[in-house]
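Shown next, in structure tokens, is the structure this report addresses.
Number of protein chains: 2
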Amino acid sequence: MPRLATTADVFSAVAEPRRRRILGLLADGERPVNDIVRRLRIPQPQVSKHLGVLRAVDLVTVRGDGQQRLYSLNAIRLRPIHDWVAGFERLWNERFDRLASCLDDLQKKEPPRES
Amino acid sequence: MPRLATTADVFSAVAEPRRRRILGLLADGERPVNDIVRRLRIPQPQVSKHLGVLRAVDLVTVRGDGQQRLYSLNAIRLRPIHDWVAGFERLWNERFDRLASCLDDLQKKEPPRES
DNA sequence: TTGATATATTCCGAAACAGGAATATACGAT
DNA sequence: ATCGTATATTCCTGTTTCGGAATATATCAA
Numbered sequence: 003m004p005r006l007a008t009t010a011d012v013f014s015a016v017a018e019p020r021r022r023r024i025l026g027l028l029a030d031g032e033r034p035v036n037d038i039v040r041r042l043r044i045p046q047p048q049v050s051k052h053l054g055v056l057r058a059v060d061l062v063t064v065r066g067d068g069q070q071r072l073y074s075l076n077a078i079r080l081r082p083i084h085d086w087v088a089g090f091e092r093l094w095n096e097r098f099d100r101l102a103s104c105l106d107d108l109q110k111k112e113p114p115r116e117s
Numbered sequence: 003m004p005r006l007a008t009t010a011d012v013f014s015a016v017a018e019p020r021r022r023r024i025l026g027l028l029a030d031g032e033r034p035v036n037d038i039v040r041r042l043r044i045p046q047p048q049v050s051k052h053l054g055v056l057r058a059v060d061l062v063t064v065r066g067d068g069q070q071r072l073y074s075l076n077a078i079r080l081r082p083i084h085d086w087v088a089g090f091e092r093l094w095n096e097r098f099d100r101l102a103s104c105l106d107d108l109q110k111k112e113p114p115r116e117s
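Chains A and B supply the protein sequences, listed in that same order. Note that the numbering used here has the first sequence beginning at 3, numbered continuously upward. Note that the numbering used here has the second sequence beginning at 3, numbered continuously upward.
Pasting the structure below:
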């Protein structure tokens, strides 16, 4: 089997840096396509295609407004990523560091056993 | 240009579900390859290859122990993902929802203007 | 209708991955 | 040295992707 489709899940969709930048822009509010084009300096067809991927995983929604199409972020769909990575947060937090070094200390205090 | 390499950054490396599961396992502590193989029911060569990708982006580290190779998670490298997605957190939080509806109310109270 | 602006879609080509199978390497035990 | 276990690497192939250019669609204006 080949690589996982970019529209398979949110993780894959967000793997592409330009798509992350687009999402970052949309965090400030809905924008027409050409606004994204100008701000990110990405050719318009590419922006439309990236938006298509983001729409496929429901990370953005569209609203027609005249001849413009206003895209807005559907942030809740980022939550699976947030939740997944949050499960690892304790592993790099300061408190955990202290706990780890504490355990190290305990281990050092154990009586040396012959191997 | 073709697709972004999976070893290009942490986002791409983590886009693959099996790699996320491997990282989840390693969150409990270091493990030899065959332990991952047995727990996740993934053929050994594939596990080795996935571990190779994770190693390339420094998400895991290896330690030789006899004929085993003990892999452990380098959780700090997940932090860029955490930080990136945390920037969106307010957009789906309850407090933000209240703020948003508050703003909606304010907008409704504005005097209707002729277009 | 014709034209202009905004956006989407299609076709192309060059990567690059993920799985499968087979094989190679590394290390320990006898 | 030889065998067995643990792990890594190679080769192959189907599939997907991204970018680029060109083109198509949609909507508004005159």
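Even for Gly, the Cβ is constructed at its ideal location relative to N, Cα and C. Keep in mind the model is a prediction, meaning the values are calculated, not measured.
Alpha-carbon to alpha-carbon, Leu80 (chain A) and Val59 (chain A): As a working mapping, residue 59 (chain A) is identified with position 57 in the first sequence. As a working mapping, residue 80 (chain A) is identified with position 78 in the first sequence. Rounded to the nearest angstrom, the two C-alpha atoms are 10 Å apart.
Cβ neighbour criterion (16 or more within 10 Å) applied to Ile24 (chain B): For this step, residue 24 (chain B) is matched to residue 22 along the second sequence. Flag for Ile24 (chain B) reads buried.
Inter-residue CB distance, Val49 (chain A) and Val35 (chain A) (contact presumed, cutoff 8 Å): For this step, residue 49 (chain A) is matched to residue 47 along the first sequence. For this step, residue 35 (chain A) is matched to residue 33 along the first sequence. With 8 Å as the limit, Val49 (chain A) and Val35 (chain A) qualify as a contact, their Cβ atoms being about 6 Å apart.
Closer than 7 Å at the beta carbon, the chain B residues around Ser14 (chain A): Indexing the first sequence from 1 puts residue 14 (chain A) at position 12. The answer, in chain order, is Ala17.
Ala17 (chain B) vs Leu6 (chain A) beta-carbon contact at 8 Å: In the second sequence, counting from the first residue as 1, residue 17 (chain B) sits at position 15. In the first sequence, counting from the first residue as 1, residue 6 (chain A) sits at position 4. Yes; because the gap between Cβ atoms is below 8 Å, this pair is in contact.
Alpha carbon of Ser14 (chain A) to alpha carbon of Gly54 (chain B), nearest angstrom: Here residue 14 (chain A) corresponds to residue number 12 of the first sequence, with the count starting at 1. Here residue 54 (chain B) corresponds to residue number 52 of the second sequence, with the count starting at 1. C-alpha separation (whole angstroms): 19 Å.
Contact set between Arg22 (chain B) and chain A, taken where Cβ atoms lie within less than 9 Å: Here residue 22 (chain B) refers to the residue found at position 20 when the second sequence is read from its first residue. Here the neighbours are Phe13, Trp86.
Residue-level contact to chain A via CB, Ile83 (chain B), 8 Å cutoff: In the second sequence, the residue the question calls residue 83 (chain B) occupies position 81. Answer yes: the Cβ-Cβ gap between Ile83 (chain B) and chain A drops below 8 Å somewhere.
Nearest neighbour of Trp86 (chain A), chosen from B:Thr8, B:Arg22, B:Val12 [CA to CA]: As a working mapping, residue 86 (chain A) is identified with position 84 in the first sequence. It is B:Arg22.
CA-to-CA distance, Gly66 (chain A) to Arg57 (chain A), given in whole angstroms: Locating residue 57 (chain A) in the first sequence gives position 55, counting from the first residue. Locating residue 66 (chain A) in the first sequence gives position 64, counting from the first residue. Going by the C-alpha atoms only, they are around 14 Å apart.
One or two residues paired with Ser74 (chain A) in a DSSP bridge: Position 72 of the first sequence, counted from the first residue, corresponds to residue 74 (chain A). BP columns for Ser74 (chain A) point to A:Thr63.
Ala77 (chain A): contacting residues in chain B (beta-carbon distance under 7 Å): Taking the first residue of the first sequence as position 1, residue 77 (chain A) is located at position 75. Ordered by position in chain B, the residues that pass the 7 Å Cβ test against Ala77 (chain A) are Phe90, Leu93, Trp94.
Residue closest to Phe90 (chain A), alpha-carbon to alpha-carbon, out of B:Ile83, B:Gly31, B:Ala77: For the purposes of this step, residue 90 (chain A) is identified with residue 88 of the first sequence, where counting begins at 1. Comparing Cα-Cα distances from Phe90 (chain A) to each of B:Ile83, B:Gly31, B:Ala77, the minimum goes to B:Ala77.
Cross-chain neighbours of Ala127 (chain B) in chain A, by beta carbon under 8 Å: This structure cannot speak to residue 127 (chain B), because chain B is shown only from 3 to 117.
Cβ pair Arg92 (chain B), His52 (chain B) closer than 8 Å: If you number the second sequence from 1, residue 92 (chain B) lands on position 90. If you number the second sequence from 1, residue 52 (chain B) lands on position 50. Cβ atoms of Arg92 (chain B) and His52 (chain B): not closer than 8 Å.
Sequence-distant residues of its chain with Cβ nearer than 8 Å to Ile83 (chain A) (five each side left out): Indexing the first sequence from 1 puts residue 83 (chain A) at position 81. Val12, Phe13, Val16, listed in sequence order.
Within-8 Å CB hit, Ser117 (chain B) to chain A: The residue given as residue 117 (chain B) occupies position 115 in the second sequence. With a pLDDT of 32 at Ser117 (chain B), under the threshold of 50, the predicted position of this residue should be treated as unreliable, though the coordinate-derived value follows. It does not: the Cβ of Ser117 (chain B) has no partner Cβ on chain A nearer than 8 Å.
Strand pairing of Arg33 (chain A), partner residues [DSSP]: Within the first sequence, the letter at position 31 stands for residue 33 (chain A). The partner list for Arg33 (chain A) (beta bridge, DSSP) reads A:Tyr73.
Val39 (chain B) - DSSP class collapsed to helix/strand/coil: Counting from one through the second sequence, the residue named residue 39 (chain B) turns up at place 37. Val39 (chain B) falls in the helix class under three-state DSSP.
N-terminal and C-terminal residue of the alpha helix (DSSP H) that Asp85 (chain B) is part of: Within the second sequence, residue 85 (chain B) is the residue found at index 83, counting from 1. Unbroken alpha helix (DSSP H) run through Asp85 (chain B): 81-88.
Neighbour flag for Leu80 (chain A) against chain B, beta carbons, 8 Å: Taking the first residue of the first sequence as 1, we reach residue 80 (chain A) at position 78. With its beta carbon less than 8 Å from one in chain B, Leu80 (chain A) belongs to the interface.
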